[in-house]
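Protein chains in written order, with our numbering: chain G, 1 to 306; chain X, 307 to 612.
Encoded as structure tokens, the structure appears first; notes follow it.
Number of protein chains: 2
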Amino acid sequence: MITQQQIREAAVRIQPIIHHTPVMTSQLFDAASGLRCYFKCENFQRGGSFKIRGAANFLLSIPEEDIRKGVVAFSSGNHAQAVAIAAGHLNTKATIAMPEDAPASKLAATKAYGATVVSYDRFKEDREAIGTRIASETGATLVPPFDHPWIIAGQGTAARELLDGTGQVDALVVPLGGGGLLSGSSIIAKSQQPDIRIFGVEPESGNDYYLSRKAGKRVSIAPPDTIADGLRTTLPGAITFPIIENLVEEILLVTDDEIRAAMELLRSRMKIVVEPSGAVGAAACLFHKLPEGIRSAAVILSGGNL
Amino acid sequence: MITQQQIREAAVRIQPIIHHTPVMTSQLFDAASGLRCYFKCENFQRGGSFKIRGAANFLLSIPEEDIRKGVVAFSSGNHAQAVAIAAGHLNTKATIAMPEDAPASKLAATKAYGATVVSYDRFKEDREAIGTRIASETGATLVPPFDHPWIIAGQGTAARELLDGTGQVDALVVPLGGGGLLSGSSIIAKSQQPDIRIFGVEPESGNDYYLSRKAGKRVSIAPPDTIADGLRTTLPGAITFPIIENLVEEILLVTDDEIRAAMELLRSRMKIVVEPSGAVGAAACLFHKLPEGIRSAAVILSGGNL
């Protein structure tokens with residue numbers, strides 16, 4: 001069980017490492033969506049996404065004798081950069097297993113933050129096995145991408161800052177991949193505003209949570225084809241799923257075209273760069289996916305790495 | 307003569323109409339430029355640029371009996387949208403003379419803000435004459451783009467907010483087109499930090515201020531060919547030029563390639579959209595155009611309309 005108190009403690013712990021990102025609003029977006037929307041700009045976060053929150057809280061929670069042996073993670077995306085930044089801050093070594101065909105820009109960024117990158121063939125090798133092997137060989141601690149209380153508590157700090165900035169709102173709208181951000185956000189949101197209605201947003205083809213909710217248990221899907229590359233998880237987390245089942249009213253789905261339209265509006269009118277995975281919450285608002293009666297929404301724009 | 311007091315009064319006057327835009331920083335930009343840079347994000351301003359500050363201050367300074375007869379402006383760019391927004395706020399009619407071949411998006415935006423657009427052939431007709439004719443026929447007040455004390459005082463409020471956010475800095479770096487933003491910013495900056503060193507930045511081909519400074523008088527240039535379309539003025543203002551001669555240390559020049567590189571860094575790493583004219587200050591910092599010895603710079607990103 002993860003408590004609001006753990007999230008409050010995480011906020012204090014990670015404060016020296018993370019940015020306190022701004023909350024933005026747009027009259028034009030509000031007119032288009034029919035809602036008053038408050039956007040938490042985690043695209044401006046260090047490393048370009050909210051992931052640094054969970055990674056920093058995780059690394060700062062590792063016992064002193066273990067953190068000196070380094071950390072290891074497997075990720076082709078924002079989690080890799082987040083672990084690299086947090087490790088650099090703590091003067092420890094980060095080893096990141098990334099697929100050989102990961103985008104050159106993400107490889108370069110991860111290396112630039114001081115991490116050692118280990119490539120693997122994602123069609124032949126299992127990334128979890130590689131991460132586990134490096135961990136057991138070196139004594140490094142494996143940093144999971146989402147399904148861990150320290151990660152969840154760290155990610156929840158984003159919603160805490162957001163709701164501190166907005167005051168009372170009808171709804172909280174959060175991108176849903178592995179569920180770390182949504183589960184942590186839900187715990188803190190319900191503790192601060194018990195009546196708030198919470199929505200997770202998945203890409204239509206990456207609908208593992210949507211289907212799992214229907215089935216009443218965690219079900220896995222084939223690797224989805226969507227532009228929202230950060231939300232391509234195929235199975236809800238063992239820890240995150242029950243939290244989300246408990247606290248989240250509905251899993252909303254958006255199409256890639258809806259995501260593109262939201263990104264374009266954020267770019268052309270709000271002048272901000274948001275990655276596809278980061279824009280699903282805005283897309284859900286823009287395309288009226290929330291239930292009738294909701295007038296204001298706090299929305300997490302979770303990242304900006306294109 | 308325009309005083310710091312007029313700028314402070316303008317700030318109070320326009321406060322209900324404008325956004326108080328954020329000041330952003332980037333460790334990566336600082337590492338690349340060798341400076342500590344503070345960016346005033348006027349790309350997030352209403353209408354997408356700082357121009358609303360001057361337009362709002364101008365319209366709010368027009369006597370009551372005149373403002374009811376409406377306002378008129380000639381502009382193909384951000385000034386048009388700014389006048390339209392300010393007029394809408396005051397419930398008065400705005401007529402904007404725009405060239406027939408202005409970008410459809412700018413035409414649409416100006417109309418969307420409620421203005422009446424009058425098209426003209428910019429190869430055959432003189433826009434000033436058209437503006438003056440409309441003004442005399444309707445009794446509307448002509449809103450000049452930069453060379454007027456009310457406009458200059460309004461634009462100066464951007465630097466005031468910026469320096470309130472940064473505290474003491476070595477330099478202030480401001481895009482230079484007609485000189486409204488730079489002259490207003492210089493007056494308030496010197497009153498708040500007498501030792502601050504102030505720099506205007508022009509595109510290399512749109513160097514009317516640079517050449518005028520060399521000549522010791524206002525000289526005009528041929529219409530320049532630069533991606534910084536908001537800085538294509540061909541002659542310094544009669545009011546703005548002496549203020550800038552008096553308070554600005556140096557006019558810096560940047561190439562279109564340098565502007566593009568700065569825009570790309572702002573986009574990819576800071577996740578913000580800045581138009582070419584708005585990025586010249588960032589380009590000057592990134593390409594080390596400031597004199598040696600300057601360690602910190604407050605930089606106005608003046609707009610984000612692409």
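Cβ atoms here follow ideal geometry from the backbone N, Cα and C, with glycine treated the same way.
Kindly indicate the opening and closing residues of the alpha helix (DSSP H) around Met1/G.
Careful: Met1/G lies outside any alpha helix (DSSP H) and carries neither H nor E.
Note down, in chain order, all residues in the segment 567-581 of chain X with a beta-carbon under 7 Å from any beta-carbon belonging to chain G.
Arg573, Lys577, Ile578, Val579
Just list the beta strand (DSSP E) runs in the segment 30-74 of chain G, keeping only unbroken ones of 3 residues or longer that don't cross its boundaries, in chain order.
36-41, 71-74
State the start and end residues of the unbroken beta strand (DSSP E) segment that holds Thr602/X.
Looking at the sequence itself, residue 602/X is Ser, so the reference to Thr does not match. Element bounds for Ser602/X: 602-607.
Is the segment 132-151 of chain G close to the segment 57-74 of chain G, with three or more CB pairs under 8 Å?
yes
Does DSSP put Met270/G in a helix, in a strand, or in coil?
coil
Check the Cβ of Asn349/X against every Cβ in chain G and list those closer than 7 Å, keeping chain order.
Lys271
Which residues in the same chain have their Cβ closer than 7 Å to the Cβ of Met263/G, if we skip the five residues on either side of it in sequence?
Val274, Pro276, Ala279
Let's see if you can read the secondary structure: which residues bound the beta strand (DSSP E) around Phe452/X?
Run containing Phe452/X: none; DSSP gives neither H nor E here.
My assumption, with CB atoms under 8 Å, is that Phe74/G sits in contact with Glu128/G. Please give the rounded CB distance.
7 Å
Proximity below 9 Å, CB of Tyr38/G to CB of Val219/G
no
Short-range partners of chain X found in the segment 235-252 of chain G, where Cβ spacing is below 9 Å
none
Give the single residue among Leu181/G, Glu64/G, Ile85/G whose Cα lies nearest to the Cα of Gly156/G.
Leu181/G
Locate the alpha helix (DSSP H) running through Ala189/G, then write down its first and last residues.
180-192
Counting contacts by CB-CB distance shorter than 9 Å, is Pro322/X in contact with chain G?
no
Range of the contiguous alpha helix (DSSP H) that encloses Arg213/G
208-215
CB Ala388/X to CB Lys412/X, shorter than 9 Å?
no
Take Gly293/G as the anchor and find which of Asp170/G, Asp256/G, Ala32/G has the nearest alpha-carbon.
Asp170/G
Alpha carbon of Ala362/X to alpha carbon of Ile527/X, nearest angstrom:
30 Å
Of all the CB atoms in chain G, is at least one closer than 9 Å to the CB of Leu612/X?
yes
Mind listing the chain G neighbours of Pro328/X? Cutoff is C-beta to C-beta under 8 Å, in chain order.
Pro22
Cβ pair Ala441/X, Val378/X closer than 9 Å:
yes
Please report the residue range of the beta strand (DSSP E) in which Ala414/X lies.
Ala414/X -> not in any beta strand (DSSP E); alpha helix (DSSP H) instead, spanning 410-418.
If contact means a Cβ-Cβ distance below 8 Å, which residues of the segment 353-371 of chain X contact chain G?
Gly354
Name the residue from Ile196/G, Arg53/G, Leu247/G whose alpha carbon lies nearest to the alpha carbon of Asn12/G.
The sequence shown places Val at residue 12/G, not Asn. Answer by Cα proximity: Arg53/G.
Looking at Tyr210/G: is its Cβ nearer than 9 Å to the Cβ of Ile244/G?
no
So, helix, strand or coil for Ala528/X, using DSSP?
coil
Helix, strand or coil at Val423/X according to DSSP, with G and I counted as helix
strand
Taking C-beta to C-beta, are Val173/G and Val201/G nearer than 9 Å?
yes
Which residues share a DSSP beta bridge with Arg260/G?
Looking at the DSSP assignment, Arg260/G forms no beta bridge with any residue, so it has no partner.
Between Thr331/X and the rest of its own chain, which residues show a CB-CB distance below 8 Å, the 5 nearest in sequence each way excluded?
Arg342, Cys343, Tyr344, Phe345
Please look up how many angstroms separate the CB atoms of Ser489/X and Thr546/X, rounded, as I've assumed it's under 8 Å.
4 Å
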